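The listed protein sequences derive, respectively, from chains A and B.
Sequential numbering from 509 applies to the first sequence in the working numbering.
Sequential numbering from 1197 applies to the second sequence in the working numbering.
Every residue, glycine too, gets a C-beta built ideally from N, C-alpha and C.
These figures come from a predicted structure and were not determined experimentally.
Take a look at the structure below.
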Amino acid sequence: MLILLSIVSFGLVVLHSASDGNWVVVEAQLVRLGLGFGLMILIAQIPPYFLLRTAPLLYGLGLILLLLIYPFGTEVNGSRRWLRVPGVLNFQPSELMKLFLPMVLAWYFHERHLPPGLKPVLVSCLLLLVPAGLIIVQPDLGTGLMIATSGFLVLILAGLPWRYMLRVGALVLISAPALWFVIKDYQRGRILTMFDPERDPLGAGWNIIQSKIAIGSGGFSGKGLLNGTQSHLDFLPESSTDFIIAVLAEELGFLGVVSLLALYGLFILRGLMMSLNAQDTFGRLLCGSITFTFSVYVFVNIGMVSGILPVVGVPLPLVSYGGTALLTLFAGFGLMMSIHSHRRITLL
Amino acid sequence: MREALALKDHRSESQIYVERAATGAVVVLVLFSLLILRVGYLQTVQYSDSVARSEKNRVQVVARPPVRGLILDRQGVLLADNRPSRNLEVIPEQIVNMEDTLFHLATVLEMSEEETARFRRLSGRTTRRFESAPVLFDLSDEQVARFEANRFRFPGLSVQAKLVRNYPQGALMAHAVGSVRRINDRDAASLNATAYASTDHIGKLGVERFYETELLGQVGYDRVEANARGRMMRVLDGVKPINGQNLTLYLDAGLQAAADRALDGRRGAVVAIDPKTGGILALLSRPAYDPNLFVQGISHQNYNALRTSMDAPLFNRAIQGQYQPGSTLKPFIGLIALGGSTVTVSDSIEDPGWYQLPGNERLYRDWNWTKTNDGGHGRVNIEKALYRSCNVYFYDLAVRLGIDRLSQDLKQFGFGQASVLDLPDANAGLLPSRAWKRATRKLPWYPGDTVNLGIGHGDILVTPLQMAAAVAALANRGRWVAPRMAQNQSFEDAARSSPSGAGQLPEHVWEPIIGGMEKVVHRGNQIYGENGTAWSYIGRDIEYRMAGKSGTAQVVAIEQGEVYEASIIEERKRKHAWFIAFAPIEDPKIALAVLLENGAAAVNTRRQWLVKLLIIIFWKGPVLECRTSRWRGANERRFCSKATRRSNKFSKPSWGVYLVQP
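As structure tokens, then:
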């Protein structure tokens, strides 16, 4: 909890700078964080066995919502991600799926003998691929892949035999060249850009070039808060959302980045402890999956901004400005807290 | 699937999980280390490179143009200043569809056909397409307002305010001051790109060209912090531009205006020089053009009209027009002859009205020769030869001097060379010699050529400026002063421009010649054939003493190849009329050369223009000061800066300008 608060306040400071000292943005983020904490506490009150029972139901509901997008979704920037209930709420079903999928998989393996045999693996793969596929065709490749990853993490934590993983890995490697021709042009471009941002310095490469300059020019101790030229003069795009780590690196330097990563590390460690303390498979798998997914988010975001991964729209958890993703995160933490705080009561 | 029936083994499941979680933790650790390494790499190894690139992103250098120096006349009247102009500028690279943009722009700004064509031409350049270039000039308030209201529709276009050259005196000073022109691509290739970083104009003619470096000043720059869209956020630091030096000329706008009124729209040139300094007091060539037309770029239509006009308004007659000097050469030949003791003051000849070379049938006539051979001036000495402008005397004198002496000694008055210090376009005229004729005509020098040269005809050519300079040397009794436009300028090559042999004539030669020239104007009320040639139309009206000489030059050729009405051709075949003078005789303040193209038609015309034209310089005459002030009062408010007006109030002019009315 303490670690969470430090990360969040760290994030707020950086966000304040990233938004040009705009307090309105910070206030909005504070409101969201408040909501997030509220949601977290709320979910923490739900007993885990209730979560366990409703997991398949929620998963089904999530699937239905994903399907509803096709007739009723709102199109924004060429992809249908949003479901709008006029005047009431406005949300992305894929965000729900981020939690429902690990839940349903944890539920599934909770009932099964572990390590899983071939059949449960195939079933769980199906459970995993259907929502991931639906999200990818929205199209929202980033979220789809992240959801698939969170699902795979459950599988791996559940004891997916290494030999399966090796085979799937080999298969992916072999099909990689074929995949190259399947993916869309802009996606191909992003991968090429990662390897050589200078091939289109004013277009696709712009973001990554500018973020690398921002990070690099920060040096060891940074230019000081509010003094980052790359972000304040708008050279750095998306400086308060996906590329916020570049602002941090520019203004607080290497020290800032390492401090943040250390906090993240502690947080992840704490999450793992919680998962190890969980008393049933469902709790363990869910906690573990959420924790590792969180780590993947951190890695993918910083990796993307620093130019070792292609650009995918993944925010930096707890720091980036943005609503729904933040709420999902807190809901996830709520699930973990629920499992953690109810362990004595649910003792079998 | 046998195990499916087996009991769940919580212990082993937990074991698997611990194992997997530990693996995961290691993987996360590795990945995070990778991130730290990566960020560390960027922030150490690439640190300096990144800092440089972020600085380059952030800081832009914006050139600040210096303000071009003003050009003032001797009284502080503005001859060239700068006025604000709002131009529409375009960055060609940023225009997606030029034709679309132009179409909408033409509607918004109500552009004319010609403006549209010019826009297309100026924006269609192929080099430096990323730089802003002006395409529409001098927008009105309304146009600016309309553009700004529609600005969102025109990315890549903007209205920029700049200072551009302005010539408040218009055509009056066009040939004296010159003008600036917009720098074109050809100029740009040879210019120092830094010095002209944000300057659009360069001096192309006259003083504007010669003093380009001084007038231009030095470019400054601002280092500004700009955001990603190129918007300036703040000025970090920079170097202020050093504005161009103001240039004060010897020119007197009042004198120039008086000369212009005197010419009364006729083609011709007036050059007045201060014999003390060589400063050019007036440099007028008519017809002229409005130099303001050229500043922002002249339209094809206007330019063609100027270029093809039969009156050649673009032609600077005062410094480029080369004419035979006619009888105005006579005083100078007289000086040489007296100096070399070829004749003395008392030597005289009998003028029968014609002259014959020994052994040659041809008659060289005097201007009052009659068919009955009973003209002539009778007994003529050098003084009379001047005030009666006797041709026969000078035919004889020239033959006695010989071509070699003539072509050698006439050099000392600046003939045959461009001796003006700061007018780069001035022509050198032509002083013929044996060598010259052999080289250009492949012919030997005939004695007849010498005879013609004696009265300033034949091959010799001079410009009005050269003539004025020669008169100044005469007024100075031999002291050569190189003509110049700008005050307070040191010229390294001033010595070189001094003609060879200048100032070598003995002292006794001056007064007889000047006396003869005085009589040209002042000898009057005599019997027929004894008055000065200019007395009847000048000398009667003035109360001070001046030395003058009239002259008539043959028209060498009608240059225009086109077919004109016969009456026009007739007019253009008339001889050119010269008049040279300096005054006052004892302490010359002004030396003057006037040329009127085809002005020697009828005695009446000649009389009229000469009377109107004579510009006479006074010194502290109460009447004239009053007239001068009136001119000032009217023009001062328009042309002078406040500071000049203030200083004018306290310093009374030491001399003034007066135009004699017929």
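Requested in this report: Show which residues of chain A have a CB atom less than 8 Å away from the CB atom of G1236 (chain B).
Outcome: Sequence index remark: in the second sequence, residue 1236 (chain B) carries index 40 (1-based). Counting only Cβ-Cβ distances below 8 Å, G1236 (chain B) has contacts in chain A at F762, in chain order.
Report task. Return helix, strand or coil for K692 (chain A), following the three-state DSSP convention. Result -> In the first sequence, the residue the question calls residue 692 (chain A) occupies position 184. When DSSP states are grouped into helix, strand and coil, K692 (chain A) belongs to the coil group.
**Report entry** Secondary structure of S517 (chain A), DSSP reduced to three states
**Finding:** Along the first sequence, one-based indexing puts residue 517 (chain A) at 9. Looking at S517 (chain A) - three-state DSSP - the assignment turns out to be helix.
Requested in this report: Give every residue of the same chain whose Cβ lies closer than 8 Å to the Cβ of R1834 (chain B), excluding the five residues on either side of it in the sequence, and list them in chain order.
Outcome: On the second sequence, residue 1834 (chain B) is found 638 positions in, with the first residue counted as 1. At R1834 (chain B) the pLDDT is 40, less than 50, meaning the model places this residue with poor confidence; the figure from the coordinates comes in the next sentence. Cβ within range, chain order: P1364.
Query - Backbone secondary structure at I1291 (chain B) - three-state DSSP - result: Locating residue 1291 (chain B) in the second sequence gives position 95, where the first residue counts as 1. Residue state, collapsed to three classes: coil.
Query raised in the report: In terms of residue numbering, what span does the beta strand (DSSP E) encompassing F1778 (chain B) cover?
Result: Taking the second sequence and counting its residues from 1, the one referred to as residue 1778 (chain B) is at position 582. For F1778 (chain B), the enclosing beta strand (DSSP E) covers residues 1772-1779.
Requested in this report: Return yes when the Cβ of N1346 (chain B) is within less than 9 Å of the Cβ of H1300 (chain B), no when it is not.
Outcome: Position 104 of the second sequence, counted from the first residue, corresponds to residue 1300 (chain B). Position 150 of the second sequence, counted from the first residue, corresponds to residue 1346 (chain B). Going by C-beta atoms, H1300 (chain B) is nearer than 9 Å to N1346 (chain B).
Query raised in the report: Would a C-beta distance cut-off of 9 Å place A1678 (chain B) and S1696 (chain B) closer than the cut-off?
Result: Within the second sequence, the letter at position 482 stands for residue 1678 (chain B). Within the second sequence, the letter at position 500 stands for residue 1696 (chain B). Not in contact: A1678 (chain B) and S1696 (chain B) (Cβ atoms no closer than 9 Å).
Query raised in the report: Is DSSP giving Q1356 (chain B) helix, strand or coil here?
Result: Translated into positions along the second sequence, residue 1356 (chain B) becomes position 160. Residue state, collapsed to three classes: strand.
**Report entry** Proximal residues to C795 (chain A) (C-beta, below 7 Å), its chain only, five neighbours per side dropped
**Finding:** Walking along the first sequence from the start, residue 795 (chain A) turns up at place 287. Closer than 7 Å at Cβ, skipping near neighbours: G779, M782, S783, A786, M844, I847.
**Report entry** Test: Q908 (chain A) CB closer than 9 Å to a CB of chain B
**Finding:** Only positions 509 to 856 of chain A appear in this structure, which leaves residue 908 (chain A) out of reach.
Query raised in the report: Going along chain A, which residues have a C-beta under 7 Å from R1249 (chain B)?
Result: What you label residue 1249 (chain B) is simply residue 53 of the second sequence in a count that begins at 1. Contacts between R1249 (chain B) and chain A, judged by CB atoms closer than 7 Å, involve I721 in chain order.
**Report entry** Three-state secondary structure (DSSP) of K1638 (chain B)
**Finding:** Here residue 1638 (chain B) is taken as the residue at index 442 of the second sequence, counted from 1. If DSSP states are grouped into helix, strand and coil, K1638 (chain B) belongs with coil.
**Report entry** S517 (chain A), buried or exposed, once every other Cβ within 10 Å from all chains shown has been counted against 16
**Finding:** Your numbering for residue 517 (chain A) matches position 9 in the first sequence. Exposed, since its Cβ has fewer than 16 Cβ neighbours within 10 Å.
Report task. Assign K606 (chain A) to one of three DSSP states: helix, strand, or coil. Result -> Here residue 606 (chain A) refers to the residue found at position 98 of the first sequence. Three-state result, K606 (chain A): helix.
Requested in this report: Count the CB pairs spanning the segment 1285-1301 of chain B and the segment 1429-1443 of chain B that are closer than 8 Å, and state whether there are at least three.
Outcome: Taking 8 Å as the limit for Cβ pairs, the verdict is that the segment 1429-1443 of chain B does not touch the segment 1285-1301 of chain B.
**Report entry** Same chain, Cβ closer than 7 Å to M1713 (chain B), neighbours up to 5 away in sequence not counted
**Finding:** In the second sequence, counting from the first residue as 1, residue 1713 (chain B) sits at position 517. Close CB contacts of M1713 (chain B) within its chain, under the 7 Å cut and outside five residues either way in sequence, are with P1527, L1582, A1743, G1744, K1745 (chain order).
Query raised in the report: What in chain A is Cβ-close to R1216 (chain B), meaning under 9 Å?
Result: Here residue 1216 (chain B) refers to the residue found at position 20 of the second sequence. The answer, in chain order, is I664, L665, A666, G667, L668, G796.
Query - Contact list for L1231 (chain B) against chain A, beta-carbon separation under 9 Å - result: Along the second sequence, read from residue 1 onward, the residue named residue 1231 (chain B) stands at position 35. Neighbours of L1231 (chain B) on chain A, chain order: V765, L769, V806, F807, I810, G811, S814, I816.
Requested in this report: For G1735 (chain B), collect the residues of the same chain with a Cβ closer than 7 Å to its Cβ; drop the 5 residues on either side in sequence, then sort them by chain order.
Outcome: Residue 1735 (chain B) sits at position 539 when you count from the first residue of the second sequence. Excluding sequence neighbours, G1735 (chain B) sits near V1717, H1718, G1720, G1728.
Requested in this report: Note down the Cα distance separating M605 (chain A) from L1305 (chain B), rounded to an integer number of angstroms.
Outcome: The residue you call residue 605 (chain A) lines up with position 97 of the first sequence. The residue you call residue 1305 (chain B) lines up with position 109 of the second sequence. When rounded, the distance between both Cα atoms is 57 Å.
Report task. For I1813 (chain B), count neighbouring Cβ atoms within 10 angstroms of its own Cβ and tell me buried if that reaches 16, exposed if not. Result -> Here residue 1813 (chain B) refers to the residue found at position 617 when the second sequence is read from its first residue. Model confidence at I1813 (chain B) stands at a pLDDT of 43, short of 50, so the residue's coordinates are unreliable and nothing is read from them.
Report task. Indicate the three-state DSSP secondary structure (helix, strand or coil) for K1745 (chain B) in the structure shown. Result -> Here residue 1745 (chain B) corresponds to residue number 549 of the second sequence, with the count starting at 1. Three-state DSSP puts K1745 (chain B) in a strand.
Query raised in the report: How would you call K1769 (chain B), buried or exposed, if buried means at least 16 neighbouring beta carbons within 10 angstroms?
Result: What you label residue 1769 (chain B) is simply residue 573 of the second sequence in a count that begins at 1. It counts as exposed.
Query raised in the report: For I1287 (chain B) and chain A, any beta-carbon pair shorter than 9 Å?
Result: Along the second sequence, one-based indexing puts residue 1287 (chain B) at 91. Output row for I1287 (chain B): interface = no.
**Report entry** Q600 (chain A) versus A:F728, A:L575, A:L668, A:A757, residue with shortest Cα-Cα distance
**Finding:** For the purposes of this step, residue 600 (chain A) is taken as residue 92 along the first sequence, with counting starting at 1. Ranking A:F728, A:L575, A:L668, A:A757 by CA distance to the CA of Q600 (chain A) puts A:L575 first.
Query raised in the report: Distance, Cα to Cα, L649 (chain A) vs P705 (chain A)?
Result: By one-based count along the first sequence, residue 649 (chain A) stands at place 141. By one-based count along the first sequence, residue 705 (chain A) stands at place 197. Across the structure, L649 (chain A) and P705 (chain A) are spaced so that their CA atoms are roughly 21 Å apart.
Report task. Flag V1224 (chain B) as yes if its beta-carbon sits less than 9 Å from any beta-carbon of chain A, otherwise no. Result -> In the second sequence, residue 1224 (chain B) corresponds to position 28, counting from 1. Output row for V1224 (chain B): interface = yes.
Query - Residue from B:W1563, B:S1629, B:I1232 whose Cα sits closest to the Cα of I753 (chain A) - result: Position 245 of the first sequence, counted from the start, is the residue given in the question as residue 753 (chain A). Of B:W1563, B:S1629, B:I1232, the residue nearest in Cα terms is B:I1232.
Report task. Measuring only between beta-carbons, confirm whether F800 (chain A) sits less than 9 Å from chain B. Result -> Your numbering for residue 800 (chain A) matches position 292 in the first sequence. Yes, F800 (chain A) lies at the interface with chain B (some Cβ there is under 9 Å from its Cβ).
Query raised in the report: For the beta strand (DSSP E) that A1276 (chain B) lies in, which residues bound it at each end?
Result: Against the second sequence, residue 1276 (chain B) aligns to sequence position 80. Per DSSP, the continuous beta strand (DSSP E) segment holding A1276 (chain B) begins and ends at 1274-1286.
Requested in this report: List the residues that DSSP assigns as beta-bridge partners of L1445 (chain B).
Outcome: Against the second sequence, residue 1445 (chain B) aligns to sequence position 249. Per DSSP, B:A1682.
**Report entry** Cutoff 9 Å: L1432 (chain B) Cβ touching any chain A Cβ
**Finding:** Numbered from 1 along the second sequence, position 236 holds the residue referred to as residue 1432 (chain B). L1432 (chain B) does not count as touching chain A.
Query raised in the report: Any C-beta of chain B sitting closer than 9 Å to the C-beta of T832 (chain A)?
Result: In the first sequence, counting from the first residue as 1, residue 832 (chain A) sits at position 324. No, no contact with chain B.
Query raised in the report: Which residues in the same chain as L1531 (chain B) place their Cβ atom closer than 7 Å to its Cβ, once the five residues preceding and following it in sequence are excluded?
Result: Translated into the one-based positions of the second sequence, residue 1531 (chain B) becomes position 335. Around L1531 (chain B): L1701, V1705, I1709.
Requested in this report: Return the CA-CA distance between E1410 (chain B) and S1328 (chain B), expressed in angstroms with no decimal places.
Outcome: Along the second sequence, one-based indexing puts residue 1410 (chain B) at 214. Along the second sequence, one-based indexing puts residue 1328 (chain B) at 132. Rounded to the nearest angstrom, the two C-alpha atoms are 26 Å apart.
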